[in-house]
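To start, the structure itself, in structure tokens.
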Amino acid sequence: MGIKACRIYVQFGPYAAPIRPPRGKNELEIDILKQAKQTSLIAILAVAMAPYLAAQAAGQAAQAGGSNGAGGQVSAGNALFQQNCAFCHGRDAMGGETGPDLTQSRLVRSDSTGQQIAAVVREGRPDNKMPAFNFSAQQIDELVGFLRARIAAAQPGGRRGVEPSDLQTGNVAAGMEYFNGAGGCSKCHSPSGDLAGIATRYQGLQLEERMLYPKNAKSTVTVTLPSGETFSGTLAYRDEFTVALRDGDGRYRSWPTDEVKYKVDSPVDAHVDLFSKYTDDDIHNLMAYLQTLR
Ligand code: HEC
Ligand code: HEC
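If you're matching positions, the sequence shown starts at 854 in our numbering and goes up one per residue.
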């Protein structure tokens, strides 16, 4: 087996970092309203007066859009989302190959403060259906801003995911170089060992999904009670409130996260860390290379 290393992290209580107090309710909406007012004013001016005035005003509006919080927040959130979430939830957050449509999610729609979204992003969902992301409060705000903008823009019925043709554009030699070099894949994998024949086992998007989010790897967890007693086993469930394991005898045990300390050892975390570092080219090149491992 080529698996040698894994990352360990310790978590106390529900959050990795304190959550910033919620932004003023719907700051985004207010900003959009402001912009809308400005725009209609510009329209009236443009009709009533000379066209050059409109051009000037449009320039000012563009400037304002770039520097006021919401515009910048949404575009930063867009960048974060495209890099970390779009693979599963779709580029427009309307659902992808493996993740649900977030614009229709009751949780996302009803989360006026952004705290529930923050919890899902920081904790992930169990069984590696969704990995946990260690984002700052500001990054979470940006993501929430982006999701709100997507909800506002969402039209029903338009599902888009990753295009299979995206997978055929890579360069094999560059992918191999990345695998052995910058990507650090060869620290844990070997093309003639555990990854031999990987392209026969999985094809296309399925292979890309395996690469980005391996699902087989089981996380283990050690829970320490206030008394000092410890329990270890396979991580069976984890969200912001509950941590649960299945012990060696197959018994299920669970605890409230704020009453115990626990340590999760998750070999897949290395993959999630890598994911924020890949460029699209890296992924395409890696895919081209992995597709030669038959
Ligand atoms: C590996 C695929 C994957 C990635 C990457 C991913 N998610 Fe998810 N996400 C899921 C799945 C699957 C679910 C549904 C899990 C469930 O049903 O328990 C989900 C659920 C959610 C939910 C809760 C929706 C609900 O109604 O319960 C939110 C919010 C969310 N994801 C946001 C994000 C954000 C933001 C990112 C990027 C930082 C992200 N996800 C990255 C797969 C993913
Ligand atoms: C720190 C160790 C580590 C690093 C670095 C790492 N991986 Fe992994 N990888 C794993 C573990 C653990 C698994 C889960 C093994 C399993 O699913 O059986 C895995 C699974 C995979 C799988 C799915 C294998 C299967 O049979 O389903 C692929 C493909 C893969 N990794 C590719 C890569 C690539 C490409 C890189 C570099 C960009 C990389 N890995 C970097 C540890 C690592």
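Where a beta carbon is used, it is the ideal one built from N, C-alpha and C, also for glycine.
For L1146, which option in E995, Y1055, D1100 has the closest C-alpha, if you only look at C-alpha atoms?
-> Y1055
The stretch 989 to 1001 / the stretch 954 to 973 touching (three or more Cβ pairs under 8 angstroms) | yes
Given a threshold of 16 other Cβ atoms within 10 Å of its Cβ, counted over all protein chains shown, does F1032 qualify as buried or as exposed?
-> buried
What residue does the beta strand (DSSP E) around Y1115 start on, and which one ends it?
-> 1114 to 1118
From P1044 to D1100, what distance separates their C-alpha atoms?
-> 34 angstroms
Give a yes or no on whether the C-beta atoms belonging to V1025 and Y1105 are separated by under 7 angstroms.
-> no
Residues near A1049 by beta carbon distance below 7 angstroms, same chain, minus five either side = L1146
Beta-carbon proximity list for C941, same chain, < 6 angstroms, skipping 5 on both sides = G949, T951, G952
Would you decide whether E1112 is buried or exposed? Buried here means 16 or more other CB atoms lie within 10 Å of its CB.
-> exposed
Secondary structure of R1099, DSSP reduced to three states | strand
Taking only the alpha-carbon atoms, compute the straight-line gap between R978 and L1088 and give it to the nearest angstrom.
-> 12 angstroms
Going by DSSP, what residues sit across from F1084 in a beta bridge?
-> V1076
Bounding residues of the beta strand (DSSP E) (the contiguous stretch that carries R1054) = Element bounds for R1054: not the beta strand (DSSP E) but the alpha helix (DSSP H), 1051 to 1054.
Report whether the distance from the Cβ of C941 to the nearest heavy atom of ligand 4 is below 6 angstroms.
-> Summarising the ligand content, the structure contains ligand 1 and ligand 2 and does not contain ligand 4.
Thinking I1004 and R1063 are a contact (beta carbons under 8 angstroms), I'd like their distance in whole angstroms, please.
-> That belief does not hold up - the Cβ atoms of I1004 and R1063 are roughly 31 angstroms apart, past 8 angstroms.
For D945, count neighbouring Cβ atoms within 10 angstroms of its own Cβ and tell me buried if that reaches 16, exposed if not.
-> buried
Check whether the Cβ atoms of N1138 and G1036 sit closer than 7 angstroms, and answer yes or no.
-> no
Identify whether D1092 lies in helix, strand or coil by the three-state DSSP scheme.
-> coil
Residue nearest to A1090 in terms of C-alpha spacing, selected from D1102, D964, A1027, E976 = Here residue 1090 is Tyr; the residue named in the question, Ala, does not match the sequence. Comparing Cα-Cα distances from Y1090 to each of D1102, D964, A1027, E976, the minimum goes to E976.
Collapsed DSSP secondary structure at D1111 in the structure displayed | helix
Near D954, what residues of its chain come up, given a Cβ to Cβ distance below 6 angstroms and the 5 sequence neighbours on each side ignored?
-> M947, G948
Between which two residues does the alpha helix (DSSP H) harbouring H1137 extend?
-> 1133 to 1143
Should E1082 be flagged as near chain B, meaning a C-beta pair shorter than 7 angstroms?
-> In summary, chain B is missing from the structure at hand, where a single protein chain is found.
Straight-line Cα distance separating Q957 from G1057 = 28 angstroms
Q1021 classed as buried or exposed, judged by whether at least 16 other C-beta atoms fall within 10 angstroms | exposed
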